[in-house]
Amino acid sequence: MNFFDIGFIIASVVCAVGIVRRLARWCGKPTSEVSVSSLSWHRRLFLALKIFFLEILLLGRTCRTGRIRWLAHCLVFFGFMGLLLFHAMDDTITARFFPAYESTLDPWQFLRNLFGGMTLIGLALMVYRRVRLRSLRSLTRFQDWAVLLVVGGIILSGFLLEASKIMSPAVFDVMVYDYFIPEDGSDITALKAVWAKKYGVVFPEEISDSDDVFENGLSLNEDSCVDCHSDTTSAFISRPLASALHPLAPALNRSRADEVFWYLHISLCLIALAALPFGKFFHPLTTPANLMARLGRRDAAKDDVPSPAIRGLGIDACTRCGECSLHCSVGPAFSVLGNSNILPSEKLISLKGFESEASLSGQALEAFAEGSRICTECLRCTDICPSGINLQDLWMASKKAVSKVAPDSNQAIRLMEISERAAPFGECSLPPISGLADNKESYLACVQCTTCTSVCPVVAVSEDPSRDLDLLPQQIMNLLRMGLKEQTLGARMVWSCTTCYKCQEHCPQNIRVADVLYELRNTVATRLREGECADERDG
Amino acid sequence: MKGMDKPVKYAYFPGCKIPHHLPEYGQSVETVCAALGIELVPLEFNCCGWPMRHDNELASIFSAVRNFAVAEEAGLPILTPCKCCFGNLKYAESRLAEDGKLVVLVGRLLAQDGLAMPKSINVSHLLSVLDEQVGVELLQRQTATPLAGVKVACHYGCHALRPGNVTGFDDPLAPTLFERVVTALGAETVDWDLRLECCGHPLRGRDGVIAESLMRKKLENAASVGADIIATACTYCQLQFDKERDGLMLNDPLRKAPPAVLVTQLIGTALGLDASVLGMEKNCIPWRVPVLQDRTL
Numbered sequence: 270m271n272f273f274d275i276g277f278i279i280a281s282v283v284c285a286v287g288i289v290r291r292l293a294r295w296c297g298k299p300t301s302e303v304s305v306s307s308l309s310w311h312r313r314l315f316l317a318l319k320i321f322f323l324e325i326l327l328l329g330r331t332c333r334t335g336r337i338r339w340l341a342h343c344l345v346f347f348g349f350m351g352l353l354l355f356h357a358m359d360d361t362i363t364a365r366f367f368p369a370y371e372s373t374l375d376p377w378q379f380l381r382n383l384f385g386g387m388t389l390i391g392l393a394l395m396v397y398r399r400v401r402l403r404s405l406r407s408l409t410r411f412q413d414w415a416v417l418l419v420v421g422g423i424i425l426s427g428f429l430l431e432a433s434k435i436m437s438p439a440v441f442d443v444m445v446y447d448y449f450i451p452e453d454g455s456d457i458t459a460l461k462a463v464w465a466k467k468y469g470v471v472f473p474e475e476i477s478d479s480d481d482v483f484e485n486g487l488s489l490n491e492d493s494c495v496d497c498h499s500d501t502t503s504a505f506i507s508r509p510l511a512s513a514l515h516p517l518a519p520a521l522n523r524s525r526a527d528e529v530f531w532y533l534h535i536s537l538c539l540i541a542l543a544a545l546p547f548g549k550f551f552h553p554l555t556t557p558a559n560l561m562a563r564l565g566r567r568d569a570a571k572d573d574v575p576s577p578a579i580r581g582l583g584i585d586a587c588t589r590c591g592e593c594s595l596h597c598s599v600g601p602a603f604s605v606l607g608n609s610n611i612l613p614s615e616k617l618i619s620l621k622g623f624e625s626e627a628s629l630s631g632q633a634l635e636a637f638a639e640g641s642r643i644c645t646e647c648l649r650c651t652d653i654c655p656s657g658i659n660l661q662d663l664w665m666a667s668k669k670a671v672s673k674v675a676p677d678s679n680q681a682i683r684l685m686e687i688s689e690r691a692a693p694f695g696e697c698s699l700p701p702i703s704g705l706a707d708n709k710e711s712y713l714a715c716v717q718c719t720t721c722t723s724v725c726p727v728v729a730v731s732e733d734p735s736r737d738l739d740l741l742p743q744q745i746m747n748l749l750r751m752g753l754k755e756q757t758l759g760a761r762m763v764w765s766c767t768t769c770y771k772c773q774e775h776c777p778q779n780i781r782v783a784d785v786l787y788e789l790r791n792t793v794a795t796r797l798r799e800g801e802c803a804d805e806r807d808g
Numbered sequence: 042m043k044g045m046d047k048p049v050k051y052a053y054f055p056g057c058k059i060p061h062h063l064p065e066y067g068q069s070v071e072t073v074c075a076a077l078g079i080e081l082v083p084l085e086f087n088c089c090g091w092p093m094r095h096d097n098e099l100a101s102i103f104s105a106v107r108n109f110a111v112a113e114e115a116g117l118p119i120l121t122p123c124k125c126c127f128g129n130l131k132y133a134e135s136r137l138a139e140d141g142k143l144v145v146l147v148g149r150l151l152a153q154d155g156l157a158m159p160k161s162i163n164v165s166h167l168l169s170v171l172d173e174q175v176g177v178e179l180l181q182r183q184t185a186t187p188l189a190g191v192k193v194a195c196h197y198g199c200h201a202l203r204p205g206n207v208t209g210f211d212d213p214l215a216p217t218l219f220e221r222v223v224t225a226l227g228a229e230t231v232d233w234d235l236r237l238e239c240c241g242h243p244l245r246g247r248d249g250v251i252a253e254s255l256m257r258k259k260l261e262n263a264a265s266v267g268a269d270i271i272a273t274a275c276t277y278c279q280l281q282f283d284k285e286r287d288g289l290m291l292n293d294p295l296r297k298a299p300p301a302v303l304v305t306q307l308i309g310t311a312l313g314l315d316a317s318v319l320g321m322e323k324n325c326i327p328w329r330v331p332v333l334q335d336r337t338l
């Protein structure tokens, strides 16, 4: 067993265990209400073919969100798949279909450089997009850089490996030992002359460049080498790279850089294999699967409620491209409140934590609950998602469960006893929100005429307003003008205000009754929010 | 003649709830506007800020103002079919006018997104555009199948109407705009006590009992004056009177109260447009066949 075999076994086991865990998480959920759209089988087949070609192979959905992003993703997708199928799996695929296959023959040598170059350009575009867009940059997490670094590392180490092999005399010697039978002593020198000049090997000794020797070398090369070796100039990235590294070549050759880069290249490939079922590394499998499961839908219609397994697949299909967050309707709320859970791509990560056994708690849970609450279910993230994730369904399905464990300010007030509601915050140390409620001038004109109360539709539908609402609108105004704001914050009248503005419209003294009630709700929401942050800080 | 002499052009602000929760409103608004010569330009707006106004006023105002900035970049006035969107956009406009500190704060937030504080703000509700730009006369002329004999209870919706000094929609105590539009289609309008009251939807998820009581009271009142339908021109009001009502027990008498009809579905029907392009099949409580079969159908 060598390094590669041991590494491959370990990476495969990690990968397999990870995949099994993921599948178990998808399928371990109790089955909830599921409805399947009633499509005929031939319609399904047609859609499946269409999805396979347009959305999976040609990344049609990615194209909807921007041409540069589409180009970048296509370059990486086709480049990396080319390398995976024809280079990494050359024994099983390439050699089988092309019996004359040798990795150092064209077109394979050329294609390897082409695919590697495509992937690198694509990755560079992706890094550029992530750095250039301020909002996307701030959302970028470890896993986003990790994928770019590992894939980029594989390609770069591959080019370095090829370049170091091109220039390596040690590799030349091994090949000569294995495949070349010199007839006399000058043959090796002649062959070296050709390989130094034509193929780019950097020998430590001076190599004769007389025409005779070179001619002899060429014919020896013709007899023994060209069947397996195309000119290295077709390695249009590795060969220039080797030339660029020429000044360092003696040192690199002495330290057997080709072996170092081989270990690096293989290690990175094995890391990628082991990381496959984790985070964003999994998307090359989950995203196509999810696109297929959705059959091209971009809505969240009632006739298509997914099963828990499909929901799990959807959560794991996120490529973290961030398009949903860049277009989120409530993005401005994130700008003000700074809670990244307001944005879909980040909320999805919290949802994953919330759904798994190691569920969220403390501030993370509160942040997720706020994000869940602020979402207006506008469908935009679902419509735009290049991976076809039914985000709308995920948000709507989780809202109830989240609000149960992390109540919002309205629910928090309603969960209190009457005595607690009378002064919900006791002695509050937080600074007041300066506005209407704390400004006595807002109520100077109030004559307690009770117009606000008598026009209020909420008061009108209650048989016993003091039982149902704690205080009446004019009583709230009275307490406020006496500076007793704390006593009003928990009153259910504040929280059951339907915001119809009749009180304010009808007030003969032009007091902004409804605006004040909004402000009281804002005050409680802010205090609960900051109070939780303070609790978290204190321990 | 089709539509107006001079087509009018607006930035279309459907609001968050239409795409998933009330697609029939979006569909019928787009169809009817096209038929009347109102050009709707889709821009990427964000939330109007109304839903988050309970939690944080700054977030709410910034959301609203960001939309003004987007519309100004396109050089278009905003048209919204939702009264809650309209109300919050107008509220944000009034807050900017009265609070200099807020202007600075919001300006800073806009700059982060590469946007500038809008110099002018121009927001209209669909009903105002129908009344002022299209006009009763053209509506009458375009009406192919007058809704003769249909008794309509116009439901105004709070957030466009009040506070009147902020929204400037119509006389907040005695509005007539909605009735003008509906009578132009040949329908009759009824006078009802709770015409200007709240539908109750704003309390959904906050106080379900009162939300339902408000809805119940209003529907019963509309039924008692003999209305055939309740006309709405607001996403939330329609959600309340149609989708939420559909969640009641199957034997609840309220299901038999007048069905809620979007104003654009009503106009579309009068214009002779096909039921399918008005999203009529998506209404939970059907109205077309039960109400119109003896009359215009």
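So the sequences go chain by chain: A and B. If you want the numbering used here, it's the position in the first sequence, counting the first as 1, plus 269. If you want the numbering used here, it's the position in the second sequence, counting the first as 1, plus 41. Just so you know, even glycine gets a beta-carbon here, dropped at the ideal spot from N, CA and C. Predicted model, so just to flag it, every value in this text is computed and none were measured.
Can you tell me the Cβ-Cβ gap for residue i and residue j, rounded? I've got them flagged as a contact below 8 angstroms.
| i | j | result |
| --- | --- | --- |
| residue 427(A) | residue 392(A) | Not quite, the Cβ-Cβ distance comes to about 13 angstroms (not below 8 angstroms), so this is no contact. |
| residue 657(A) | residue 330(A) | 6 angstroms |
| residue 257(B) | residue 771(A) | Going by Cβ atoms, the distance from residue 257(B) to residue 771(A) rounds to 18 angstroms, so no, they are not a contact pair. |
| residue 794(A) | residue 283(B) | Contact flag wrong, Cβ pair sits at about 30 angstroms. |
| residue 319(B) | residue 69(B) | 4 angstroms |
| residue 715(A) | residue 780(A) | 6 angstroms |
| residue 765(A) | residue 738(A) | 6 angstroms |
| residue 598(A) | residue 645(A) | 6 angstroms |
Leaving aside the five residues before and after residue i along the sequence, list all residues of the same chain whose C-beta is less than 8 angstroms from its C-beta, in chain order.
| i | result |
| --- | --- |
| residue 159(B) | 106, 109, 110, 112 and 113 |
| residue 588(A) | 549, 552, 556, 655 and 656 |
| residue 278(B) | 124, 196, 198, 240, 242 and 301 |
| residue 304(A) | 571, 572, 573 and 574 |
| residue 268(B) | 192, 193, 194, 231, 233 and 299 |
| residue 540(A) | 280 and 419 |
Among the residues of its own chain, which have a CB less than 7 angstroms from the CB of residue i, if the five just before and after it don't count?
| i | result |
| --- | --- |
| residue 691(A) | 756 and 759 |
| residue 741(A) | 722, 728, 734 and 762 |
| residue 63(B) | 276, 279 and 280 |
| residue 441(A) | 464 and 470 |
Report yes or no: is there a C-beta of chain A within less than 8 angstroms of the C-beta of residue i?
| i | result |
| --- | --- |
| residue 93(B) | yes |
| residue 210(B) | no |
| residue 161(B) | no |
| residue 254(B) | yes |
| residue 238(B) | yes |
Verify the CB distance criterion: does residue i have a CB-CB separation below 8 angstroms to chain B?
| i | result |
| --- | --- |
| residue 552(A) | no |
| residue 808(A) | Unreliable positioning characterises residue 808(A) in this predicted model, as indicated by a pLDDT of 49, which lies under 50. The coordinate reading is nonetheless provided below. Output row for residue 808(A): interface = no. |
| residue 796(A) | no |
| residue 576(A) | no |
| residue 241(A) | Lying outside 270 to 808, the shown extent of chain A, residue 241(A) is not represented and no answer is given. |
| residue 754(A) | no |
Please name the residue or residues paired with residue i in a DSSP beta bridge.
| i | result |
| --- | --- |
| residue 50(B) | 80(B) |
| residue 718(A) | Residue 718(A) is not bridged to any residue. |
| residue 120(B) | 53(B) and 165(B) |
| residue 194(B) | 271(B) |
| residue 301(B) | 271(B) |
| residue 229(B) | 192(B) |
Cutting at 6 angstroms between CB atoms, please list the residues of its own chain near residue i, excluding the five before and the five after it.
| i | result |
| --- | --- |
| residue 302(B) | 270, 272 and 328 |
| residue 424(A) | 385, 388 and 389 |
| residue 639(A) | 608 |
| residue 341(A) | 391, 394 and 395 |
Is it the case that the stretch 557-576 of chain A contacts the stretch 451-471 of chain A, given that we only count it when at least three CB pairs across the two stretches are under 8 angstroms? no
- Query: Three or more C-beta pairs closer than 8 angstroms, one from the stretch 177-196 of chain B and one from the stretch 214-226 of chain B: is that the case here?
  - Reply: By the criterion of at least three beta-carbon pairs nearer than 8 angstroms, the stretch 177-196 of chain B is in contact with the stretch 214-226 of chain B.
Evaluate contact between the stretch 794-801 of chain A and the stretch 717-731 of chain A, counting only Cβ atoms and requiring at least three cross-stretch pairs below 8 angstroms. no
*asked:* Using a Cβ distance threshold of 8 angstroms, determine whether the stretch 468-484 of chain A contacts the stretch 515-524 of chain A, with at least three qualifying pairs required.
replied: yes
Cβ contact check for the stretch 332-340 of chain A and the stretch 362-382 of chain A: 3 or more pairs under 8 angstroms:
no
message: Under 8 angstroms, with one C-beta from each stretch per pair, do the stretch 206-224 of chain B and the stretch 245-252 of chain B reach the 3-pair mark?
response: no
Practice problem: May I ask you to verify whether the stretch 407-417 of chain A touches the stretch 444-464 of chain A, counting CB pairs closer than 8 angstroms and requiring at least 3? | Solution: no
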